[in-house]
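Numbering (mature numbering (1 follows the signal peptide of the UniProt record, and there is no 0)), first residue to last: -28 to -1, 1 to 151. Structure record follows, encoded as structure tokens.
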């Protein structure tokens, strides 16, 4: 082994070891940050613990909840409900902030529309773009741009939107018998 390769190997190994040790600390920090943000918004410690533990990206979830609470003036519980069941909570928060900044819409409808959309940024583009050329109210545009067919009621019959009471369950669909 040459003189150069020994120090290089030692530096490379120590760098990798240092990275490996910092990852668990960073992951633990994201859960702690999530819990601190949610309890700071007034949610109970048990709700914060359960929610942060279930989140794939806890800081994204808590950031989304904080942003919706601030921009839409929703309760922390309603903001959390809008952020916790989506793949990209930061995209939901961005969508909601854009629509709220445009004005003229009901905050709960904004949160629901952004939450239900598979592409929240495109949803906001739809609402804002149609609003530039049509005389519909902002709430009407929120409903028009939401594809109600995407609501997963057949998979999750008790699915509700914010502010909506629980609906009667749909009958189970049985597969056709095989001949």
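Where a beta carbon is used, it is the ideal one built from N, C-alpha and C, also for glycine. Model, not experiment: these values are computed from the prediction.
State buried or exposed for residue i, treating a residue as buried only when at least 16 other CB atoms are found within 10 Å of its CB.
i           : result
residue 12  : exposed
residue 26  : exposed
residue 18  : exposed
residue 85  : buried
residue 34  : buried
residue 153 : Residue 153 is absent from the model: the chain starts at -28 and stops at 151.
residue 105 : exposed
residue 39  : buried
residue 70  : buried
residue 20  : buried
residue -1  : exposed
residue -12 : Any reading at residue -12 needs caution, since the residue's pLDDT is 49, under 50, leaving its predicted position unreliable; the model's value is listed next. Per the 10 Å Cβ criterion, exposed.
residue 63  : buried
residue 37  : buried
Name the residue from the options whose alpha carbon lies nearest to the alpha carbon of residue i.
i           : options          : result
residue 2   : 95, 23, 14       : 23
residue 56  : 87, 100, 97      : 87
residue 43  : 111, 72, 67, 50  : 72
residue 83  : 8, 9, 50, 31     : 50
residue 97  : 46, 41, 118, 39  : 118
residue 76  : 103, 9, 41       : 103
residue 31  : 61, 41, 16, 47   : 61
residue 41  : 9, 58, 59        : 9
residue 93  : 113, 74, 116, 68 : 68
residue 78  : 95, 65, 115      : 115
residue 111 : 36, 14, 80       : 80
residue 14  : 52, 28, 58       : 52
residue 16  : 48, 5, 28, 36    : 48
residue 99  : 113, 4, 5        : 113
residue 46  : 58, 29, 4, 65    : 65
With DSSP collapsed to three states, give me the class of residue i.
i           : result
residue 100 : helix
residue 89  : coil
residue 94  : helix
residue 107 : coil
residue 120 : With a pLDDT of only 49 at residue 120, under the threshold of 50, the placement of this residue in the model should not be trusted, and no figure is reported.
Could you give the first and the last residue of the continuous alpha helix (DSSP H) run that contains residue i?
i           : result
residue 113 : 110 to 117
Only counting runs of 4 or more residues, tell me where the alpha helix (DSSP H) segments fall wholly within the region 2 to 81, in order along the chain. 17 to 26, 30 to 44, 48 to 56, 61 to 74
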